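Q:
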Amino acid sequence: MMKKSISASKASLVLFLCQMIFALDVPLDSKLLEELSQPPTITQQSPKDYIVDPRENIVIQCEAKGKPPPSFSWTRNGTHFDIDKDAQVTMKPNSGTLVINIMNGGKAEAYEGVYQCTARNERGAAISNNIVIRPSRSPLWTKEKLEPNQVREGDSLVLHCRPPVGLPPPIIFWMDNAFQRLPQSERVSQGLNGDLYFSNVQPEDTREDYICYARFNHTQTIQQKQPISVKVFSMKPVTERQPILLTPTGSTSTKVELRGNVLLLECIAAGLPTPVIRWIKEGGELPANRTFFENFKKTLKIIDVSEADSGNYKCIARNILGSAHHVISVTVKAAPYWITAPRNLVLSPGEDGTLICRANGNPKPNISWLANGVPIAIAPEDPSRKVDGDTIIFSHVQERSSAVYQCNASNEYGYLLANAFVNVLAEPPRILTPANKLYQVIADSPALLDCAYFGSPKPEIEWFKGVKGSILRGDEYVFHDNGTLEIPVAQKDSTGTYTCVARNELGKIQNEVRLEVKDPTMIIKQPEYKVIQRYGQVSFECIIKHDFTLLPTVIWLKDNDELPDDERFLVGKDNLTIMNVTDKDDGTYTCIVNTTLDSVSASAVLTVVAAPPTPAIIYAQPNPPFDLELTGQLERSVELSWIPGDENNSPITNFVIEYEDGLHEPGVWHYQTEVPGTQTTVQLKLSPYVNYSFRVIAVNEIGRSQPSEPSEQYLTKSANPDENPSNVQGIGSEPDNLVITWESLKGFQSNGPGLQYKVSWRQKDVDDEWTSVIVANVSKYIVSGTPTFVPYEIKVQALNDLGYAPEPSEVIGHSGEDLPMVAPGNVQVHVINSTLAKVHWDPVPLKTVRGHLQGYKVYYWKVQSLSRRSRRHVEKKILTFRGNKTFGMLPGLEPFSSYKLNVRVVNGKGEGPASPDKVFKTPEGVPSSPSFLKITNPTLDSLTLEWGSPTHPNGVLTSYILKFQPINNTHELGPLVEIRIPANESSLILKNLNYSTRYKFYFNAQTSVGSGSQITEEAVTIMDEAGILRPAVGAGKGYSETLFATSPVMHTVRPTFYKVQPLYPRIRNVTTAAAETYANISWEYEGPDHANFYVEYGVAGSKEDWKKEIVNGSRSFFVLKGLTPGTAYKVRVGAEGLSGFRSSEDVFETGPAMASRQVDIATQGWFIGLMCAVALLILILLIVCFIRRNKGGKYPVKEKEDAHADPEIQPMKEDDGTFGEYSDAEDHKPLKKGSRTPSDRTVKKEDSDDSLVDYGEGVNGQFNEDGSFIGQYSGKKEKEPAEGNESSEAPSPVNAMNSFV
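Numbering (my numbering) for the sequence shown: -14 to 1286.
(1) Report the three-state DSSP secondary structure of Met1309 (helix, strand or coil).
(2) Using C-beta distances below 8 Å, list every residue in its chain close to Val426, excluding the 5 sequence neighbours before and after it, in chain order.
(3) For Arg328, which residues of its own chain have a beta-carbon under 7 Å away from its beta-carbon, when the five flanking residues on both sides are left out?
(4) What residues in its chain sit with their C-beta under 6 Å from that of Pro55, if we drop five residues either side in the sequence?
(5) How is Phe277 classed by DSSP in three states: helix, strand or coil?
(6) Would you identify the three-state DSSP class for Leu886, choosing helix, strand or coil?
(7) Looking at Lys543: is its Cβ nearer than 8 Å to the Cβ of Gly521?
(8) Checking the sheet assignment: what are the DSSP bridge partners for Ser944?
(9) Who are Met874's beta bridge partners in DSSP?
(10) Which residue spans inside the stretch 1068 to 1107 form an unbroken beta strand (DSSP E) run of at least 3?
(11) Checking the sheet assignment: what are the DSSP bridge partners for Pro951?
(12) Would you list the residues sitting across from Asp646 in a DSSP beta bridge?
(13) According to DSSP, is Pro188 part of a helix, a strand, or is it coil?
(14) Are there three or more Cβ pairs, one per stretch, closer than 8 Å when the stretch 203 to 214 is compared with the stretch 280 to 293?
(15) Beta carbon of Val331: closer than 7 Å to some heavy atom of the ligand ADP?
(16) Is the CB of Ser238 under 8 Å away from at least one CB in chain C?
(17) According to DSSP, simplified to helix, strand and coil, what is Ile363?
(18) Quick one, which of Glu1003, Thr929, Leu942 and Val1005 has its alpha-carbon nearest Leu975's?
(19) Going by beta-carbon coordinates alone, are Leu730 and Trp746 separated by less than 8 Å?
(20) Three-state secondary structure (DSSP) at Val1318?
(21) Give me whichever residues DSSP pairs with Lys1305 in a beta bridge.
(22) For Arg867, list the residues DSSP reports as bridge partners.
(23) Spatial neighbours of Asn694 within its chain, please: C-beta separation below 6 Å, excluding the five flanking residues on both sides.
(24) According to DSSP, is Ile1153 helix, strand or coil?
(25) Nearest-angstrom Cα distance between Lys515 and Ile529?
(26) Just to confirm my understanding: we take Val814, look at its own chain, exclude 5 residues before and 5 after, and list those with CB closer than 6 Å. What are they?
(27) Spatial neighbours of Gln839 within its chain, please: CB distance less than 7 Å, with the 5 preceding and 5 following residues excluded, ordered by chain position.
(28) Hey, Glu645 and Ser678: beta-carbon distance below 8 Å or not?
(29) So, is His531 buried or exposed, given that buried needs 16 or more other C-beta atoms within 10 angstroms?
(30) Which residues in the same chain as Asp435 place their Cβ atom closer than 6 Å to its Cβ, once the five residues preceding and following it in sequence are excluded?
(31) Does DSSP put Arg263 in a helix, in a strand, or in coil?
(32) Would you say Leu83 and Leu144 are within 8 Å of each other, going by their C-beta atoms?
(33) Does the Cβ of Tyr674 have 16 or more other Cβ atoms within 10 Å, making it buried, or fewer, making it exposed?
(34) Can you tell me which of the three DSSP states Gln101 falls into?
(35) Are Ile27 and Ala111 close, meaning C-beta to C-beta below 8 Å?
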């Protein structure tokens, strides 16, 4: 029986609600709303939880509207708050907003509490939320004694912040004494509680200025904790550890979050190596698009959480040794939220209505009602009102039923309060549609005439045609409930005036509107089917007829899509033209005509066929356009039209429009735009504050026409700048400034007079406000007093007398650099050979560079020669290595010498302090040639030799080697005699020589390393005075039988003559020129002809077997390919068939990998062709010389070469492919062309100048971008003798022959 009664009551309620369709809907008409009586509505109020600045006045907002205007009152902590009794409290006029004066003696703490505002007029009372006022607090840090943290390397560490409890809670961050944020990473990071966590500590974590800062935003204050000291001590080896969780502790924890908030879950782990954090949701997926990872994935962030996000979230910390995990059980609760908030209700007397208030939450909220701010249970009785849970039902209301009702939905997590009024009105009719409104429709289409109205009770609506016409009725009209009259099929005779009449029991009103029926738009000439030859031209017509009062627009489509973006498609007023038709232009073309009232379309198909050949046509450039005219002048645009000139048998493809700015750049023409050749008008976009003139140039396939005559001038109005300066930069010129530069706007870009710039800057990564200054039309501004080398955000905005340009983009600059603070450490030198060393150093910390790291400079100088023990003027040499390079090569060193070096770091400001001087020594090398060889006192059978020690002994001299042999009148060389002379001798007398005989001498010095370069000379013993020749084996062809006996090392040889051959085969002067992946190996060979060479190489210092490459032919060079960049290699050269005969080892290093490779010129076809041509030319010249010498009775070229060949050094012919790195300059001295030897038989040697050409940047060399050395290790050639009669080798055969005369 109970169930039946419940069902019956529900059924009656549903029936009642269905009947309530008479509630008035008040149109949103501002004028109407101002005239109607209305209960109060709260429009603005302070937040529920209102934290105020205790240093400023407290403003509690409460604004409301209503008619009549409401009055305001306040409660505080549930009781009436009499503001008249408190001199510190005032209420704003015509407002409920309270102002509590704190700045004149009041204390914010005295006004803490819960405030509520009530707005009241004769139709009801609305109330605000409960506004909780609390002053913000930023207490000081409690003093505590902080012990230094001493931690073993690899252990974990937590630095506790423990900030003071503030209101609201502070923002925590860690910085050092220099106010620089401490760097954070996967290893070091800040937790949500503000503590600083180290998963494992490293030696670089040692410092004494770990400082925790708390920033209180409300009071704009920052509190600083005492610095925390951390010292990391190393214990080798460092033990690796599997992860353990530093926070949260244990294996599980719980978390409660409210619906709509941001869920933050955190896991920070210790371990070595540093663990990696991963997050999963057990039994589900992390929500897409709402999940984010922060703090190096240590924090899981889910935004806008809902009940569906409840569940178990697992964080897993893992490294190579294992893993650890923690499960966080998340429960999402919900403060109340609206499902259906109550809405204002406007009723007429006697009508029915309802207020519905439905909310949800977790737990489910409790719903309670208030009437005019009073609980409805104790509010005055209203017989028209009935409360049913979340619904209030109104029946047969009267004007006294007007009131404001409050719905309160609350649970333990919060509450919702909504005001909704019931406004019972008795109002005569009002028509809201504007009088004499015009409606336009196309004939045979529907017409809808509006009559928006309001009245209480609801008015009845009637329509009439004309002022005194009869009421409209019948099937030809449709009358809508909102007052609209519909004419389903409007005809031309439907045009006219229509009157709407609204009446109720309180009055009557009428309004007139006008209807115009337009002619439909039609296409009277539609596009037709076309067949066109390929490369031809086709046009589709689309001629239309429309109502003269409507403005049509025409759109063309191809295959129901936009036309291709192709200059060949030209859209005219009544046609579409396609030029130079191709096969892909096949398709259906549609013309669509639109007006504001209707749209029509028509289509046609285009078929493209092959084109027959066309005869050649002679083309010429077009004549210039003429009759330029400007129309439709607007602030930012103008229409330019012209008449084309004669196209001269070549269709005009396009017109180029240029402009002149007579205000800023008179006489200078600029490109504006260009249009297709079928177009003779163009809408031009203009810039403000420019005095424009235009000219047009016609273009066809032949060329451009002459420019047309200029158009009339048009001066545009001024406006704000449209753009900002470009190329904004910030580079400090001094350690304490920031120089901001930019490219100023050009004259026409200013858009108006008074161009200036607003320059703004602030330090990056520091919560500073922008600092701005407005400067004149310049391009530079200097900010002084900046910290040294810190990043700044910079922006420069243009402005003129009319306003600012759009907000500019920001760029990053740096304040000025200062000299680096520290020197590189751990400088080590590795001597590779007697002329090359490699230096290593540790890089300096980047924070001490105080600028952009440009590289390192190595200063090195020779202290003394170890062989002479004599000091000389110290000439320091410098090599620069770009970037963060930690090593470099020092080439061109002198053997057997003592050197010093130091290393300095370089930034944009200059060099830092030098590292301590490092001393190193080079080993011995082979000496240079003797400084001179002088042959004097010639007699019948003796010669005196004098010489000077080598300019560069490069070690301790052990002896001198003298070799000599006679030369007969046929230029054949006799047997070679060798003498070893002690190193302390400087002269020698050779006796028992043949008279009137020319001898050739070869002289060189030796160290323990080997023989140096030799010097040669020739001399002749004098003729016997009696003219009697001494007996000899072969007249004039040898020695006497007895040589001098003054030297124990003299050897007696048979006085026979033969072509000279080397005493023994050898390979010397192996040189390398290394690139990135290949090296050019060259050498000099002395020995039998037709030797077959091979090259062996391998990685330096490796125990791997040598790799062998066979050299084709008897060339003296070879290219090793397929090498690894940046690798040191060893190399040696040998000859096939000669057991154990090979050169000494050489070491070279390939260049570093480069971003791009240069082309090897030796492999280019054009270069090979050029070389062949040069070789052919040289061959022809040699043949001519050979013929001319034979005609003059001279000896053959081959004999000349043999006569002057060095018996010890007879190198192969040099090839152009060799490079000559690490070569001794004295091994490649140029031949001199002196006709005779000097009278004093002296051969002088110039001192070689050691230089760093091609080795150092900024001094004499080059380095690539990463600082690696790319210069060639070639020594500098010695200077040629100043006098032409000095010679370093044998004279020409002609001179030798003259010497025998």
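Ideal placement from N, C-alpha and C gives every residue a C-beta, glycine not left out.
Bear in mind that the values here come from a model prediction, so they are computed numbers and not experimental data.
A: Inspection of the coordinates gives the following:
(1) In this structure the chain extends from -14 to 1286, so residue 1309 is not present and cannot be described.
(2) For Val426, the CB contacts under 8 Å within the same chain, skipping 5 residues up- and downstream, are Ala432, Ala475, Leu500, Glu501, Val502, Lys503 and Leu582 in chain order.
(3) Answer for Arg328: Ala405, listed in chain order.
(4) Short of 6 Å from the beta carbon of Pro55, and not among the five residues preceding or following it, lie these beta carbons of its own chain, in chain order: Pro25, Ala49, Ala104, Arg105 and Asn106.
(5) Looking at Phe277 - three-state DSSP - the assignment turns out to be strand.
(6) Judged by DSSP in its simplified three-state form, Leu886 adopts strand.
(7) With respect to Gly521, Lys543 sits apart: the two C-beta atoms are not nearer than 8 Å.
(8) Answer is Pro967 and Gln991.
(9) Met874 pairs with Lys823.
(10) Uninterrupted beta strand (DSSP E) stretches at least 3 residues long and entirely within the stretch 1068 to 1107 occur at 1078 to 1084, 1092 to 1095 and 1102 to 1105, given in chain order.
(11) BP columns for Pro951 point to Tyr984.
(12) Per DSSP, Glu650 and Tyr677.
(13) Helix, per DSSP.
(14) Flag = no, the stretch 203 to 214 and the stretch 280 to 293 do not touch.
(15) Among the components modelled here there is no ligand, and therefore nothing to report on the ligand ADP.
(16) No chain C is present in this structure, which holds just one protein chain.
(17) Three-state DSSP puts Ile363 in coil, outside helix and strand.
(18) For Leu975, the closest of Glu1003, Thr929, Leu942 and Val1005 by C-alpha to C-alpha distance is Thr929.
(19) No, Cβ-Cβ distance for Leu730 and Trp746 is not below 8 Å.
(20) There is no way to answer for residue 1318, as the model of the chain reaches only from -14 to 1286.
(21) Any answer about residue 1305 is impossible in this case: the structure gives the chain only from -14 up to 1286.
(22) Beta-bridge pairing links Arg867 to Gly840.
(23) The sequence given here has Glu at residue 694, not Asn. Non-local C-beta neighbours of Glu694 in its own chain, meaning closer than 6 Å and more than five positions away in sequence, are absent.
(24) Helix, per DSSP.
(25) Whole-angstrom Cα-Cα distance: 20 Å.
(26) Taken in chain order, the residues that qualify are Ala822, Val824, Lys903 and Phe905.
(27) Here Gln839 has Arg867, Val891, Asn892 and Gly893 as same chain residues with Cβ atoms under 7 Å from its own Cβ, once five neighbours each way along the sequence are excluded.
(28) The answer is yes: Cβ separation under 8 Å.
(29) When all chains shown are included, His531 counts as buried.
(30) Excluding sequence neighbours, Asp435 sits near Thr418 and Thr469.
(31) Reduced to three states, the DSSP call for Arg263 is strand.
(32) No, they are not a contact pair.
(33) Buried.
(34) Per DSSP, reduced to three states, the secondary structure at Gln101 is strand.
(35) Result yes, Cβ atoms of Ile27 and Ala111 sit closer than 8 Å.
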